[in-house]
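Heads up, the thing below is written out as structure tokens.
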Amino acid sequence: MTTIAEQIAAHFGSLPTLEPESVAVRYQGTQTSWGQLGLVADGILECLAAAGVPEGSSIGWIARNDPALLGALIGLIKGGYTVSPVNPHQPVQKIAEQLRALGMAASVGVAQDFHPEVREALADTGGVGVTIDAQAVPAARLLADGDTVGSGPFRKLDDAIVERLTSGTTGEPKRIQVPAATFQKALELGARSEKDKQAEPLKVKRSPGILLTTFSHSGGLWGALLALNQARPVELFDKFDVQRWADAVERGQVKAANLVPSMITMVLEQGVAPEKIKSLLVIRAGTAPLDPETQRAFEEAYGIPVLTEYSASEFMGGIAGWSLADHKLYGESKRGAAGTLRPDMQVKITDVETGEELERGQIGILNLKSPRIGPDFIKTTDLASFDTDDFLWIHGRADEAINRGGFKILPEKVAETLRQHDAVREAGILAVRDSRLGQVPIAVVEIVEGAQTSEQDLKDFVRSQMPAYMVPTSIELVDALPRTLSMKVDRPALRALFQDKYHF
């Protein structure tokens, strides 16, 4: 009897054989076939075996958006290794430090990511590097012919198919290990339709997916895994470009697309012609709160329902979200809600101070339970409420609440108000130390290009909408806010920008 891990390995290993000549990936004007992904996958396994990499090792997956990295996913999962993402979009020295700290037997990636500092880190830990290129022959090769691993010890995660990185919105990203059973359940929940859930016979899909998020972000990795699991060809981007995205939708007659809120705003601002994306039946929006007015404006402009989702790396994806049926019934009355719970999720809202369970509609700490993770409720850092119609509402993070002289301020509520101003594209709210009140809020605001406003104008606007204690004491105007890989406002980077001016 095969184990779940063996079933997953066999499934992913079969993908390149379904239609070897058909296009699996379109990327920057190149086309990569399923067969070419298979050559990458098998080439990696040959290199790892030749180098003496221990079975079941954790392998560094240097997560640049490149077709070869999809082949690497197939190969590592097929071979029974753990996929451990390494973010290439950070200083080289930091990459090297992470590789030393993780101590992995091997890392795979495209040639440009094996900087001298990275090679030195591999040498220090006894690991080997494998460079991959889906358009080359061979498609995978060791950094140096004849390389073999050192004596170790090397990182090994029992039963983990992949690791997922948290977003790093409030600090250093954390690594979440995903065991085989959890991985399989999450893939089943992530299937687009009942047809996608059919295990046999597996066929290459005709409608492509569009992968916009960097693979080094949890959502980007998971989007790639879902597409591969369904044998779905993809249009791969290394960064979002509105016109290229619209062209990809039109070319592939794409039915469903995923956009983070900032991308939805960009589509609106650039005025994409509705006929370019008329094939879309739905837009799914996640990773960050979507401003209800932006959602309404998009739906009015394009006639395409926008379904918001709430997820977390710790729970392997979706926690709550909207269905088309929900949208038809509650599209206006529940606009701004995260949606209804996924079938395998249970929720409990507890008091911030006492931990006692609250009644429906009251705001408190969100606690979640799912068989994906285990038998117990897990306390999150999000503030939420659960209404009588079973809709979940997210009100910000409990660990970011600002205590202004005893008055609690939820930063996201202030940012949401600022975003309603015509001149504001995005806003980030930070807590600043104050000798009298303990903490006060300040705002850093990204202004719409060409718009005119002032700090006082924005303060007056917030004051007209919210209690006086919620009005930021200072508002900084910037051309662009720093963002994480998932396009959320990067709070640590935001603090760093103003560390010489404020005491955080």
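So the sequence shown is numbered by UniProt numbering: it starts at 1 and just counts up by one.
Beta carbons are placed, not taken as given, at the ideal position from N, Cα and C, and that holds for glycine.
Quiz item: Going along the chain, which residues of its own chain have a beta-carbon closer than 6 Å to the beta-carbon of Leu157, five neighbours each way excluded?
Solution: Ser58, Thr82, Gln177
Practice problem: Please say whether Ala401 and Ala338 have beta carbons closer to each other than 9 Å? | Solution: In this structure, Ala338 sits away from Ala401, with a CB-CB distance that is not shorter than 9 Å.
Quiz item: Is it right to say Pro153 is buried, meaning 16 or more other beta carbons lie within 10 angstroms of its own, or is it exposed?
Solution: exposed
Quiz prompt | Cβ shell of Asp66 (< 6 Å), same chain only, five flanking positions each side left out | solution = The beta carbon of Asp66 lies closer than 6 Å to those of Val110 in the same chain, with the five residues before and after it left out.
Practice problem: Return the residue from the list Ala443, Ala49, Pro305 that minimises the CA-CA distance to Ile475. | Solution: Ala443
Self-check item: Inter-residue Cα distance where the pair is Lys278 and Ile304
Solution: Rounded to whole angstroms, Lys278 to Ile304 spans 8 Å at the Cα level.
Quiz item: Which ranges does the beta strand (DSSP E) cover as unbroken runs of at least 3 residues, wholly within the segment 253–296, from first to last along the chain?
Solution: 256–258, 282–285
Exercise. Name the residue from Ile363, Gly219, Leu329 whose alpha carbon lies nearest to the alpha carbon of Ala285.
Key: Gly219
Quiz item: Based on the DSSP secondary-structure assignment, which residues constitute the bridge partners of Gln439?
Solution: Arg433
Exercise. Note the first and the last residue of the continuous alpha helix (DSSP H) segment covering Ala160.
Key: That residue, Ala160, is in no alpha helix (DSSP H); its beta strand (DSSP E) goes 160–165.
Quiz prompt | Proximity to Ala231 [Cα-Cα], best of Trp34, Arg495, His503, Ala9 | solution = Trp34
Quiz item: Candidates Ala398, Gly374, Arg342, Ser333: which alpha carbon is nearest Gly355's?
Solution: Selected option, being the one with the closest Cα: Ala398.
Self-check item: Status (buried if at least 16 other CB within 10 Å, exposed otherwise) for Gln452
Solution: exposed
Exercise. Please determine, among Lys328, Leu76, Gln36, Asp238, the residue with the shortest C-alpha to C-alpha distance to Ala134.
Key: Gln36
Quiz item: Name the DSSP bridge partner or partners of Glu235?
Solution: Arg26, Ile210
Quiz prompt | Coarse secondary structure for Leu497, derived from DSSP in three states | solution = helix
Exercise. Could you tell me which residues DSSP pairs with Glu309 in its beta bridges?
Key: Gly321
Exercise. May I have the straight-line CA-CA distance separating Ile365 from Lys276, to the nearest angstrom?
Key: 42 Å
Self-check item: Which listed residue (Ala423, Asp113, His89) has its alpha carbon closest to that of Glu449
Solution: Ala423
Quiz item: beta strand (DSSP E) containing Pro177: first to last residue?
Solution: Note on identity: in this sequence residue 177 is Gln, with Pro being the wrong assignment. Its beta strand (DSSP E) spans residues 175–179.
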